[in-house]
Amino acid sequence: GVKLNIQPDSQALATAAADFIAEQVRAKPDLSILVATGNTPMPTYAELARRVRAGELQMDRVVAVQLDEYLGVAEDDPRSLWSWMLRSFVEPLGIHRTVKLEDPRTFEADIAALGGLDLAILGLGPNGHLGFNEPPSPADVPTRVLELTPESLASNAAYWGELPVPKQAITAGMDIILAARKTLLLVSGAHKRAVLRSALEDGPTPDLPASLLRRTPLTVIADEAAWV
Ligand code: GLP
4 GVKLNIQPDS QALATAAADF IAEQVRAKPD LSILVATGNT PMPTYAELAR
54 RVRAGELQMD RVVAVQLDEY LGVAEDDPRS LWSWMLRSFV EPLGIHRTVK
104 LEDPRTFEAD IAALGGLDLA ILGLGPNGHL GFNEPPSPAD VPTRVLELTP
154 ESLASNAAYW GELPVPKQAI TAGMDIILAA RKTLLLVSGA HKRAVLRSAL
204 EDGPTPDLPA SLLRRTPLTV IADEAAWV
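Numbering-wise (the UniProt record's numbering), the sequence shown opens with residue 4 and increments by one.
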């Protein structure tokens, strides 16, 4: 069943999400986590970092696994999602073990070698994508290179100012995301309201990849702007 946790605002969302993640890490210090970038989880990662600095939480044994990346973007490019994950999650939390998403086959083998993913932390694309699994993405679709849709190019443009959004990307497959032992979907803001409602009520259908999450042990933490 899906657990739906509605919080008054984005800061309360971050506290609730940090509580959820911290509880998993306490139960299993070497938790393997698929880590979304994007705007939504940033306050959550900042709250986790605050707890680590305060000595309330240790995350140094966690394994951080990259969710998605633009094709042909180097680590030192400001648009590198790998570097965004390092800056916002890996470094502030004192994490030493990472899995970088570069080659689809070695990536899936690396995750298998970890014994699978314990937790997937996900944002919700405006068109229902997860990572860069653009609609339609069936449940068994593997890690792969793909063309971004016009919706994703438009929403991602907000991250990079003047720089163009690369047209191709690589994403952890739906196979990898849906096999995670727990999934956490974070949703903030009124612009996500319709797609969140649809992800929870329509399908499940490959036309809305996020709706397929309802087959997993899913926790949704949203703010009232995205829900009420
Ligand atoms: C982006 C990213 C996803 C992200 C999602 C939501 O396109 N590829 O990894 O989770 O869309 O982003 P945001 O949290 O900024 O709304």
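Here a beta-carbon is modelled for each residue, glycine too, at the ideal position from N, C-alpha and C.
Note that the coordinates shown come from a computational prediction; the quantities given were computed from them, not determined experimentally.
For S83, the closest C-alpha among the options I179, K185, A15, I173 is that of I173.
When distances are taken from the beta-carbon of F23 to the heavy atoms of the ligand GLP, even the shortest one reaches 6 Å or more.
Counting only residues of its own chain and dropping the five nearest sequence neighbours on each side, I9 has a CB closer than 7 Å to the CB of A225, E227, W230. Per DSSP, D178 is not a residue of any beta strand (DSSP E); the alpha helix (DSSP H) it occupies stretches across 177-181. Excluding its 5 nearest sequence neighbours in each direction, L60 has C-beta neighbours in its own chain below 6 Å: A25, R54, listed in chain order. Taking 7 Å as the cut-off, the Cβ atoms of D33 and R64 count as close. Inter-residue distance for L120 and V66 is about 9 Å (C-alpha atoms, whole angstroms). Within the chosen limit of 6 Å, the ligand GLP does not reach the beta carbon of S91 with any heavy atom.
The C-beta distance from M177 to L203 rounds to 18 Å, too long to fall under 8 Å, and the pair is not in contact. Straight-line spacing of the CA atoms in T40 and L133 works out to 11 Å. When the Cα atoms are used, A213 and G206 turn out to be separated by approximately 10 Å. Look at S13: its beta carbon is at least 6 Å from all of the heavy atoms in the ligand GLP.
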